[in-house]
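Peer 1:
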Amino acid sequence: MELKELRTFTTAARLRSISKAAEQLEIGQPTATTHIKKLEEEIGALLFDRVKRPIQLTLAGATLARLATPLLDGIQDLAAQTAAEEEDGPVSVAGIHVVISHLLLPVVASFHAQFPRSPLRIRPGHTRDILRMITDGEVDLGIAVHHSVNDEFDFVPMFPYERVLMAPLGHPILQEEITSLEQIARWPLVLMGPQTLTRTVLEEELRRKGIAYDLALELDDLDMIKRYVATGIGLSIGPRFAIDADDYKSLGVYSLVNLLPVEQAGILTLRGKSLSKPARNFIEVTRETLRR
Numbered sequence: 004m005e006l007k008e009l010r011t012f013t014t015a016a017r018l019r020s021i022s023k024a025a026e027q028l029e030i031g032q033p034t035a036t037t038h039i040k041k042l043e044e045e046i047g048a049l050l051f052d053r054v055k056r057p058i059q060l061t062l063a064g065a066t067l068a069r070l071a072t073p074l075l076d077g078i079q080d081l082a083a084q085t086a087a088e089e090e091d092g093p094v095s096v097a098g099i100h101v102v103i104s105h106l107l108l109p110v111v112a113s114f115h116a117q118f119p120r121s122p123l124r125i126r127p128g129h130t131r132d133i134l135r136m137i138t139d140g141e142v143d144l145g146i147a148v149h150h151s152v153n154d155e156f157d158f159v160p161m162f163p164y165e166r167v168l169m170a171p172l173g174h175p176i177l178q179e180e181i182t183s184l185e186q187i188a189r190w191p192l193v194l195m196g197p198q199t200l201t202r203t204v205l206e207e208e209l210r211r212k213g214i215a216y217d218l219a220l221e222l223d224d225l226d227m228i229k230r231y232v233a234t235g236i237g238l239s240i241g242p243r244f245a246i247d248a249d250d251y252k253s254l255g256v257y258s259l260v261n262l263l264p265v266e267q268a269g270i271l272t273l274r275g276k277s278l279s280k281p282a283r284n285f286i287e288v289t290r291e292t293l294r295r
């Protein structure tokens, strides 16, 4: 039995008319009649007593109507629920801590304003954790820097990842023109953990140039690092987008575009993966929000 045949039959059974069923289903009456005849052939019994008008269900027809109607209703509900899930389903995102705590704030606010029925789940991690979560299907997409991308992923660039030096106001280094990392390494440094992106890039550059440095303090939260730098314990390096307007009240900020690479960061997805509509909506909102 095909669903279209059962749907024609149950509609005709409810309306007590094959012609009215055809009209409601927007099919020709000959097609509707063919659907019912095919069912009768498969069952081996008449479904309607066509002598009386309006037509009446036979015993076999009444039995089939009783069994098929909830089945078709359930399938219709299933289709509706599936469509709703596709329209309003959840979105899971992985990102490094500093992106989540700073750059994603306006993105999440805008996404929830536009799609309030699509819940977001945001999972923090280092770059390698993000790649693993995407590969294992634990998240729909991730936010990372382009240099970490390989052929397994698709990458949509979203924003530049520029590094800046952070120093307490009045620090002597802010009076200099900074032309080398050696000038920075003369002072104690306050850095994020060894697996974090900026520290990895910084240490690679220092190692390549043979420059030693003194690690005064290691913390896992950049906002906390800014507070410690403001007390004078040392200098730090972080992404420009993590510098808030209030930070300039206690910190001097110096661009390091001439000393450390400015990379493209954006959204990663598993190559070939079909994204849900809510996930595609999140990507578009991210693009629009960061462009503003």
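Residues in the sequence shown are numbered from 4 upward in steps of one, following the numbering used here. No residue lacks a Cβ here, since even glycine has one placed at the ideal position from N, Cα and C. Because the structure is a prediction, the values reported are computed rather than measured.
1. Taking the Cβ atom as the reference point for each residue, do VAL256 and ILE246 lie within a distance shorter than 8 Å?
2. Here's the rule: buried if 16 or more other CB atoms are within 10 angstroms of the residue's CB, otherwise exposed. What is MET169?
3. Comparing alpha-carbon positions, which option in GLY173, SER277, GLU8, ARG56 lies nearest LEU67?
4. Could you have a look at PRO175 and say whether DSSP puts it in helix, strand or coil?
5. In whole angstroms, what is the alpha-carbon distance linking MET2 and THR201?
6. Use the C-beta contact count for VAL96: other C-beta atoms within 10 angstroms, 16 or more gives buried, fewer gives exposed.
7. So, PRO93 versus SER121, is the Cβ gap smaller than 8 Å?
8. Cβ of ARG295 less than 8 Å from any chain B Cβ?
9. With a threshold of 16 other CB atoms inside 10 Å of the CB of LEU218, please say whether the residue is buried or exposed.
10. Hey, would you say GLU155 sits closer than 8 Å to THR138, going by beta carbons?
11. LEU28 and ARG17 look like a contact to me (Cβ under 8 Å); what is the Cβ gap, rounded to whole Å?
12. Counting beta carbon pairs with one atom in the stretch 221-232 and one in the stretch 258-270, are three or more of them shorter than 8 Å?
13. Assuming the contact rule is C-beta atoms closer than 8 Å, VAL110 and THR289 should be a hit. Round their C-beta distance to whole Å, please.
14. Is the beta carbon of GLY64 sitting closer than 8 Å to the one on LEU74?
15. Of the choices GLN32, THR13, THR14, whose alpha-carbon is the least far from that of SER22?
16. Once DSSP output is grouped into helix, strand and coil, what is the label at PRO163?
17. Note the first and the last residue of the continuous alpha helix (DSSP H) segment covering LEU273.
18. Can you list, in chain order, the residues of its chain whose CB lies under 6 Å from that of GLN267, leaving out five sequence neighbours each side?
19. Quick check: what's the CA-CA separation for GLN59 versus ARG69?
20. For the beta strand (DSSP E) holding LEU225, just list the boundary residues, first then last.
21. According to DSSP, is ILE39 part of a helix, a strand, or is it coil?
Peer 2: So, from the data block:
1. For the purposes of this step, residue 256 is identified with residue 253 of the sequence shown, where counting begins at 1. For the purposes of this step, residue 246 is identified with residue 243 of the sequence shown, where counting begins at 1. Result yes, Cβ atoms of VAL256 and ILE246 sit closer than 8 Å.
2. One-based indexing of the sequence shown puts residue 169 at position 166. Buried.
3. For the purposes of this step, residue 67 is taken as the residue at position 64 of the sequence shown. For LEU67, the nearest C-alpha among the options comes from GLU8.
4. In the sequence shown, the residue the question calls residue 175 occupies position 172. Three-state result, PRO175: helix.
5. The chain is shown from 4 up to 295; residue 2 falls before or after that span and cannot be answered.
6. Counting from one through the sequence shown, the residue named residue 96 turns up at place 93. It is buried - the Cβ of VAL96 has at least 16 other Cβ atoms within 10 Å.
7. The sequence position of residue 93 within the sequence shown is 90, counting from 1. The sequence position of residue 121 within the sequence shown is 118, counting from 1. A contact, by the Cβ cut-off of 8 Å.
8. The question asks about chain B, but that chain is absent: this structure has only one protein chain.
9. Here residue 218 corresponds to residue number 215 of the sequence shown, with the count starting at 1. Exposed, since its Cβ has fewer than 16 Cβ neighbours within 10 Å.
10. As a position in the sequence shown, residue 155 is number 152, starting the count at 1. As a position in the sequence shown, residue 138 is number 135, starting the count at 1. In this structure, THR138 lies closer than 8 Å to GLU155 by Cβ.
11. Locating residue 28 in the sequence shown gives position 25, where the first residue counts as 1. Locating residue 17 in the sequence shown gives position 14, where the first residue counts as 1. Contact flag wrong, Cβ pair sits at about 12 Å.
12. no
13. Locating residue 110 in the sequence shown gives position 107, where the first residue counts as 1. Locating residue 289 in the sequence shown gives position 286, where the first residue counts as 1. Between THR289 and VAL110 the Cβ distance is about 5 Å, and since that is below 8 Å, they are a contact.
14. Within the sequence shown, numbered from 1, the residue matching residue 64 stands at position 61. Within the sequence shown, numbered from 1, the residue matching residue 74 stands at position 71. Not closer than 8 Å, so no.
15. Counted from its first residue, the sequence shown places residue 22 at position 19. When only C-alpha atoms are compared, the closest one is GLN32.
16. Position 160 of the sequence shown, counted from the first residue, corresponds to residue 163. Strand at PRO163.
17. In the sequence shown, counting from the first residue as 1, residue 273 sits at position 270. From DSSP, LEU273 is part of no alpha helix (DSSP H) but of the beta strand (DSSP E) over 266-273.
18. Within the sequence shown, numbered from 1, the residue matching residue 267 stands at position 264. So the qualifying residues of the chain are HIS149, PRO160.
19. Here residue 59 refers to the residue found at position 56 of the sequence shown. Here residue 69 refers to the residue found at position 66 of the sequence shown. Going from the Cα of GLN59 to the Cα of ARG69 covers about 14 Å.
20. Position 222 of the sequence shown holds residue 225. Careful: LEU225 lies outside any beta strand (DSSP E), inside the alpha helix (DSSP H) at 225-233.
21. Taking the first residue of the sequence shown as position 1, residue 39 is located at position 36. Helix.
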